[in-house]
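Enquirer: If you scroll down you'll find the structure; I have some questions about it.
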Amino acid sequence: MTRWTARPETADDAGAVRAILLAAFPTAAEAGIVDALRADPEAWIDGLSMVTTAPDGTPVGYALLSRCHVDGHPALALAPCAVLPSAQRTGAGSAAIRAALDAARARGEHLVLVLGHADYYPRFGFVPASRFGVRAPFDVPDEAMMALALDDSRPVPSGTIRYPAAFGV
Numbered sequence: 003m004t005r006w007t008a009r010p011e012t013a014d015d016a017g018a019v020r021a022i023l024l025a026a027f028p029t030a031a032e033a034g035i036v037d038a039l040r041a042d043p044e045a046w047i048d049g050l051s052m053v054t055t056a057p058d059g060t061p062v063g064y065a066l067l068s069r070c071h072v073d074g075h076p077a078l079a080l081a082p083c084a085v086l087p088s089a090q091r092t093g094a095g096s097a098a099i100r101a102a103l104d105a106a107r108a109r110g111e112h113l114v115l116v117l118g119h120a121d122y123y124p125r126f127g128f129v130p131a132s133r134f135g136v137r138a139p140f141d142v143p144d145e146a147m148m149a150l151a152l153d154d155s156r157p158v159p160s161g162t163i164r165y166p167a168a169f170g171v
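Taking the working numbering, the leading residue of the sequence shown gets 3, the next gets one more, and so forth.
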């Protein structure tokens, strides 16, 4: 099994990140979201955009945490996450997600939200967001909208998620 290295994205990684997103998703929508988030100083947080690199330094995976809110309280949205098809199911995505969550925890962030596969994200500690009284601003299956409290000593805000404009919701 490959041992992946994850690190914060640099300006030089933008093209490689776009290529990962275009290869991993059927449309360019996610690449466009990342471009829009980079341009939004209220959503983009330096150090919370993670790239997984192969042993030769080639970027193969990506995970992004950007600012969102739950009824006015700051939180983070985990999206998008992507891996080149040739490196999928090898741990490259997990490495990027874990690095992003560790960086968020180190920054003192408290709540991370993700809309995703209920059989994938619980391995990182995510649980249905409804357990905290957090809900999406659109209809979504309960098990797909998940939350992770990074600091159990702090209360988790409840309410409706407000995503950055880049997400289009």
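Note that CB positions come from ideal geometry on N, CA and C, so glycine has one too.
Please list, in chain order, all residues of the same chain as A41 whose beta carbon is under 7 Å from its beta carbon, the five residues on each side excluded.
Expert: The residue you call residue 41 lines up with position 39 of the sequence shown. Cβ within range, chain order: n/a, list empty.
Enquirer: Do you know offhand how far D15's Cα is from P61's?
Expert: Mapped onto the sequence shown, residue 15 falls at position 13. Mapped onto the sequence shown, residue 61 falls at position 59. Their backbone Cα atoms lie some 8 Å apart in a straight line.
Enquirer: Residues in the same chain with beta-carbon distance under 6 Å from L23, minus the five sequence neighbours each way, listed in chain order, please.
Expert: Locating residue 23 in the sequence shown gives position 21, counting from the first residue. The answer, listed in chain order, is E32, A33, A84.
Enquirer: Go ahead and pull the three-state DSSP assignment for P57.
Expert: Residue mapping note: residue 57 aligns to position 55 of the sequence shown, counting from 1. Residue state, collapsed to three classes: coil.
Enquirer: When burial is assigned at 16 or more other CB atoms within 10 Å of the CB, is P76 buried or exposed?
Expert: Here residue 76 refers to the residue found at position 74 of the sequence shown. That one is exposed.
Enquirer: Go to I163, then tell me how far its beta strand (DSSP E) extends in each direction, as first and last residue.
Expert: Mapped onto the sequence shown, residue 163 falls at position 161. First-last of the beta strand (DSSP E) with I163: 161-164.
Enquirer: Using CA coordinates, which residue listed in G170, L113, D48 is at the minimum distance from P2?
Expert: A query on residue 2 cannot be resolved here, the shown segment of the chain reaching from 3 to 171 and no further.
Enquirer: Tell me whether the region 43-58 and the region 131-139 touch, counting them as touching only if at least three CB pairs, one residue from each stretch, are closer than 8 Å.
Expert: Counting Cβ pairs under 8 Å, fewer than three are found: no touch.
Enquirer: Might you give, ordered along the chain, the residues of its own chain that have their beta carbon closer than 7 Å to the beta carbon of A94, omitting 5 neighbours on each side?
Expert: Numbered from 1 along the sequence shown, position 92 holds the residue referred to as residue 94. Excluding sequence neighbours, A94 sits near W6, T54, V62, G63, V85.
Enquirer: If I'm right that V114 touches L66 with Cβ under 8 Å, what's the distance once you round it to whole angstroms?
Expert: The residue you call residue 114 lines up with position 112 of the sequence shown. The residue you call residue 66 lines up with position 64 of the sequence shown. The Cβ separation is near 11 Å, so there is no contact.
Enquirer: Could you check how far apart the C-beta atoms of A146 and A108 are, in whole angstroms? I think they sit under 8 Å.
Expert: What you label residue 146 is simply residue 144 of the sequence shown in a count that begins at 1. What you label residue 108 is simply residue 106 of the sequence shown in a count that begins at 1. Incorrect: roughly 28 Å between the Cβ atoms, too far for contact.
Enquirer: Please name the residue in G170, F169, S51, R164 whose C-alpha comes closest to that of V1.
Expert: Because the chain is modelled from 3 through 171, residue 1 falls outside the range shown and cannot be assessed.
Enquirer: Report the start-end ranges of each alpha helix (DSSP H) in the region 86-162 that is 4 residues or longer and not cut off at the edges.
Expert: Listed in chain order, they are 94-108.
Enquirer: Have a look at M52, T92, Y123 and flag the residue whose alpha-carbon is nearest the alpha-carbon of D205.
Expert: The question about residue 205 has no answer here: the residues shown for the chain are numbered 3 through 171.
Enquirer: Give every residue of the same chain whose Cβ lies closer than 6 Å to the Cβ of A8, excluding the five residues on either side of it in the sequence, and list them in chain order.
Expert: As a working mapping, residue 8 is identified with position 6 in the sequence shown. Here the set comprises M52, T54, A97, A98, A101.
Enquirer: Is V171 helix, strand or coil when you go by DSSP?
Expert: Reading the sequence shown from its first residue, position 169 is the one you call residue 171. Looking at V171 - three-state DSSP - the assignment turns out to be coil, as it is neither helix nor strand.
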